[in-house]
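Participant: Protein chains in written order, with this note's numbering: chain U, 29 to 391; chain R, 29 to 391.
Each residue gets a CB set at the ideal place from its N, CA and C atoms; glycine is no exception.
All values derive from a computational prediction rather than experimental measurement.
Protein chains: 2
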Amino acid sequence: MITPTVDVLRGAIVESRHRVSVAVTDADGALVAWAGDPGVVTFWRSAAKFFQALPLVVDGGAEALGVTDPELALACASHNGEHRHRELAASLLAKAHCGVDDLACGPHPSLAEGVARAMAERGEKLTRLHSNCSGKHAAMLAQARFRGWRSADYADLGHPVQHRCLEEVARWTGAAEMSIGTGVDGCGVLCFALPIRAMALAYARLGARRLGGEGSEAREAAADRLVRAVTAEPFLIAGTGRFCTELLTTSGGRVVPKVGAEGVYCAALPEAGLGVALKVEDGDFRSSVAALVAVLDQLAPGIASVASEWRSPPVKNTRGQVVGWMEAHVPLRSDGGWRRARRGGMMLRRKMAMRAAGLEGIP
Amino acid sequence: MITPTVDVLRGAIVESRHRVSVAVTDADGALVAWAGDPGVVTFWRSAAKFFQALPLVVDGGAEALGVTDPELALACASHNGEHRHRELAASLLAKAHCGVDDLACGPHPSLAEGVARAMAERGEKLTRLHSNCSGKHAAMLAQARFRGWRSADYADLGHPVQHRCLEEVARWTGAAEMSIGTGVDGCGVLCFALPIRAMALAYARLGARRLGGEGSEAREAAADRLVRAVTAEPFLIAGTGRFCTELLTTSGGRVVPKVGAEGVYCAALPEAGLGVALKVEDGDFRSSVAALVAVLDQLAPGIASVASEWRSPPVKNTRGQVVGWMEAHVPLRSDGGWRRARRGGMMLRRKMAMRAAGLEGIP
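Structure follows, in structure tokens:
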């Protein structure tokens with residue numbers, strides 16, 4: 029059996045190697061494709077943000093407080109802390125009757141290297157609004173406000189805001205609350221350990237806006253609002269020079285991706301009815317992007333136009349020379365289900381080609 | 029069989045995992061202990077610097093140009109670019125009749141985060157002297173000067189300076205020149221791909237100052253000079269807050285360590301007559317340190333006093349909270365040879381305890 033890896037080549041020689049596990053499910057939870065160990069357990073980290081933002085919409089807080097779609101998109105984002113991101117975080121905070129000092133997330137340089145450098149050169153002072161999680165935190169404060177919970181310790185593990193997130197995560201992943209491992213996230217709130225297969229299911233359901241079960245209508249409507257919100261303005265979910273934004277843009281929303289920390293990447297493919305979750309065993313980021321591109325190439329070739337720097341990131345040295353590159357070898361295995369899904373993708377591409385050729389109406 | 033790993037825990041849950049391979053040999057090339065795959069091939073990177081510095085001493089250039097021991101230590105270093113490092117790089121450059129602009133290495137922020145931050149806050153302009161490799165490059169220019177080779181393109185793969193390094197690497201590793209893979213290093217010069225077992229052999233020989241074979245006396249004397257030079261002033265090989273410096277200091281030279289990029293770490297244990305080389309499969313740095321500590325704990329327990337932040341590095345979030353830690357599980361396997369070496373280590377510790385108790389002369 030081939031070990032799925034993203035190899036780091038220096039010249040013609042593999043210098044380092046990142047092992048990858050992938051799970052692809054449909055919205056019914058069937059594992060339609062995988063690589064490595066689809067049952068591997070890790071933390072969902074920021075790829076859980078859609079499900080941490082849902083309670084504010086599901087419970088009615090978004091409507092009651094007049095939260096806008098762009099503000100909701102920011103709640104799902106790991107953003108760059110660019111001007112528009114901060115502006116939306118601030119306006120959402122205001123609706124929670126809170127200020128910047130109420131945010132529990134710590135400031136950090138922008139996740140996009142170029143943006144971070146530009147901010148440093150401008151001497152821009154980093155605030156908590158700059159945190160890639162400031163939208164999520166502002167939404168948590170809004171939820172506390174709406175539900176009448178104390179806001180002071182909203183980030184703490186025992187706070188009802190956090191428990192409400194856990195509850196929502198359990199619903200969408202199909203995992204029992206008791207079976208979900210917990211830890212402290214990079215920004216101080218609760219984070220969730222799950223098999224990547226369960227993460228994939230949640231994304232399949234999110235993309236399909238189909239959860240099923242009692243009281244699911246409000247949740248499905250809320251999921252629909254979040255997916256529309258991030259798709260309407262792909263800049264918000266990440267920002268300048270970031271892969272989530274590029275993939276959401278160039279796929280025209282046919283891929284709804286979300287990065288997590290430590291080598292986690294998730295995506296919904298709404299038209300194919302699939303959810304994808306992958307983990308780079310060692311937590312590396314760049315290889316997680318290359319792995320996701322390799323997975324999409326197999327599941328739905330041509331679904332998005334991806335720059336080669338993501339597909340096969342160059343390795344540069346301190347002189348700026350390209351001395352190597354990364355190469356993803358992540359062949360998906362399957363019991364056949366994903367082939368059907370892939371045929372669905374081919375139908376889709378044919379339809380797109382026909383549309384482009386002005387033949388849309390012709391069967 | 030247990031896979032040797034350094035686990036990254038968030039709370040009680042393993043979030044990510046770094047796989048490790050280790051080779052331990054004696055100076056005759058016997059594999060006395062290992063973990064994972066001691067035959068794994070990767071680039072030696074900066075852990076080859078001792079062997080890239082040797083030609084200048086072996087060929088007579090160091091003597092002819094009046095190169096000092098501290099300058100030689102710097103040639104073996106991946107230093108922080110602190111004041112004393114830059115001063116020595118500059119004086120070595122001057123002996124090569126060269127200036128800063130002749131260095132081919134690119135500037136980069138210091139390898140020690142704290143040092144890099146302090147330099148940035150002072151507004152210190154980074155020059156090529158700041159490169160962690162500036163000593164190596166200055167020594168290469170000195171070698172070119174002494175041998176009468178053109179200096180302009182000394183870093184290029186076809187230059188005799190680089191070929192001379194390859195020749196020296198082949199001698200110490202016991203690998204045929206033709207079998208050594210090559211690539212472009214982070215600083216632009218030739219770098220060498222080898223099985224980690226061959227790297228361990230070179231370090232065992234370096235520590236033992238014993239190469240054997242025709243014309244080995246000059247090489248062994250040169251090795252002795254380099255080992256003495258780095259041991260005399262452990263600050264030079266790395267600098268403030270760096271593990272190589274701490275290990276060399278607290279072991280009193282009983283461990284001569286050298287970091288390479290992409291998760292490579294090597295060390296000589298001169299008293300035990302052993303060489304160690306390890307590779308973190310995915311190229312991670314922090315786990316390579318934890319793995320080396322775990323290896324030393326087994327080979328020669330108590331040989332150095334190592335701070336817990338190296339043994340089991342904490343994982344912090346953007347709020348500065350410790351949310352997890354790294355844990356090395358790298359059990360060495362052996363055919364028995366390393367146990368003998370370990371007994372040697374125990375004898376050594378007993379001797380040290382006796383010395384401390386003023387009982388040195390008593391058998």
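1. Which class does Glu-337 (chain U) belong to by DSSP, given the choice of helix, strand or coil?
2. Cβ closer than 8 Å: which chain R residues qualify as neighbours of Cys-133 (chain U)?
3. With 8 Å as the C-beta to C-beta threshold (strictly closer), list the residues of the segment 190-216 of chain R near chain B in chain order.
4. Are the CB atoms of Leu-185 (chain U) and Thr-210 (chain U) within a distance shorter than 8 Å?
5. Do the CB positions of Ala-75 (chain R) and Lys-286 (chain R) come within less than 8 Å of each other?
6. Do Ala-266 (chain U) and Ala-105 (chain U) have their C-beta atoms closer together than 8 Å?
7. Which residue from R:Ala-55, R:Gly-64, R:Ala-51, R:Ala-58 puts its Cα closest to that of Pro-32 (chain R)?
8. Name, please, each residue of chain R whose Cβ falls closer than 7 Å to the Cβ of Glu-290 (chain U).
9. I need the boundaries of the beta strand (DSSP E) containing Met-206 (chain R), first residue and last residue.
10. Quick one, which of U:Ala-58, U:Ala-140, U:Gly-291 has its alpha-carbon nearest Asn-160 (chain U)'s?
11. For the candidate residues U:Ala-300, U:Gly-151, U:Val-323, whose alpha-carbon lies nearest to that of Leu-306 (chain U)?
12. Would you mind reading off the limits of the alpha helix (DSSP H) that contains Pro-98 (chain U)?
13. Cβ of Phe-79 (chain R) within 8 Å of Cβ of Val-197 (chain R)?
14. Just the chain U side, please: which residues come within less than 8 Å of His-136 (chain R) by C-beta, in chain order?
15. Could you please give me the residues that DSSP links to Trp-353 (chain R) through a beta bridge?
16. Cα separation between Ala-318 (chain R) and Arg-47 (chain R)?
17. Quick one: what does DSSP say Gly-88 (chain U) is sitting in, helix, strand or coil?
18. I want to verify the contact list: residues of chain R whose CB lies under 9 Å from the CB of Gly-311 (chain U), in sequence order.
19. Going by alpha carbons, who is nearest to Asp-130 (chain U) out of U:Pro-137, U:Thr-155, U:Asn-108?
20. Could you give the C-beta distance for Tyr-278 (chain U) and Val-321 (chain U), rounded to a whole number, given that I count them as a contact under 8 Å?
21. So what does Trp-62 (chain R) bridge to, in DSSP terms?
22. Assuming Leu-157 (chain R) and Leu-194 (chain R) form a contact by the criterion Cβ under 8 Å, report the distance between their Cβ atoms to the nearest whole angstrom.
23. So, is Ile-30 (chain R) buried or exposed, given that buried needs 16 or more other C-beta atoms within 10 angstroms?
24. Closest to Gly-301 (chain U) by CA distance: which of U:Ala-228, U:Ala-332, U:Ala-356 is it?
25. Measuring only between beta-carbons, confirm whether Gly-39 (chain R) sits less than 8 Å from chain U.
26. When the cut-off is 8 Å and only beta carbons count, does Phe-220 (chain U) lie next to chain R?
27. Between the C-alpha atoms of Ala-92 (chain U) and Phe-174 (chain U), what's the straight-line distance to the nearest angstrom?
28. Determine the chain R residues that contact Thr-155 (chain U) at a beta-carbon separation under 7 Å, and present them in chain order.
29. In whole angstroms, give me the CA-to-CA distance for Pro-66 (chain U) and His-357 (chain U).
30. Just to confirm the assignment, what range does the alpha helix (DSSP H) spanning Val-143 (chain R) have?
31. Assuming contact is defined by CB atoms lying nearer than 8 Å, are His-113 (chain U) and Leu-264 (chain U) in contact in what I supplied?
32. How many Å lie between Ala-250 (chain U) and Ala-260 (chain U) at the Cα?
33. What are the uninterrupted segments assigned as alpha helix (DSSP H) that are 4 or more residues long and contained completely in the segment 148-233 of chain R, given in chain order?
34. Using a cut-off of 7 Å between C-beta atoms, extract the partners of Val-351 (chain U) located in chain R.
35. Nearest chain U C-beta to Thr-273 (chain R) closer than 8 Å, yes or no?
36. If you run the structure through DSSP and keep just helix, strand and coil, what is Pro-391 (chain R)?
Facilitator: To lay it out plainly:
1. helix
2. Thr-346, Arg-347
3. In the displayed structure, chain B is absent; the protein chains listed are U and R.
4. yes
5. yes
6. A contact, by the Cβ cut-off of 8 Å.
7. R:Gly-64
8. Glu-43, Ser-44
9. Going by DSSP, Met-206 (chain R) is part of no beta strand (DSSP E) at all; its letter is neither H nor E.
10. U:Ala-140
11. U:Val-323
12. 97-103
13. Yes.
14. Thr-346
15. R:Leu-37, R:Pro-342
16. 12 Å
17. Coil at Gly-88 (chain U), not helix or strand.
18. Neighbours of Gly-311 (chain U) on chain R, chain order: Val-36, Glu-43, Ser-44, Arg-45, His-46, Asp-310, Asp-312.
19. Answer by Cα proximity: U:Thr-155.
20. At residue 278 (chain U) the sequence reads Thr, which differs from the Tyr that was named. The beta carbons of Thr-278 (chain U) and Val-321 (chain U) sit about 12 Å from each other, so the pair does not count as a contact at 8 Å.
21. R:Ala-51, R:Arg-361
22. Their Cβ separation, rounded to whole angstroms, is 26 Å, which puts Leu-157 (chain R) and Leu-194 (chain R) out of contact at 8 Å.
23. exposed
24. U:Ala-228
25. yes
26. no
27. Just so you know, the alpha carbons of Ala-92 (chain U) and Phe-174 (chain U) end up roughly 8 Å apart.
28. Per Cβ cutoff of 7 Å: no residues; Thr-155 (chain U) is ~13 Å from chain R at best.
29. 16 Å
30. 141-150
31. yes
32. The straight-line gap separating the alpha-carbon atoms of Ala-250 (chain U) and Ala-260 (chain U) is approximately 15 Å.
33. 162-175, 188-201
34. Scanning chain R for C-beta atoms nearer than 7 Å to the C-beta of Val-351 (chain U) yields Gly-211, Val-212, reported in chain order.
35. no
36. Note that Pro-391 (chain R) has pLDDT 33, beneath the 50 cutoff, so the model's placement of it is unreliable and the number below is only indicative. Correct three-state label for Pro-391 (chain R): coil.
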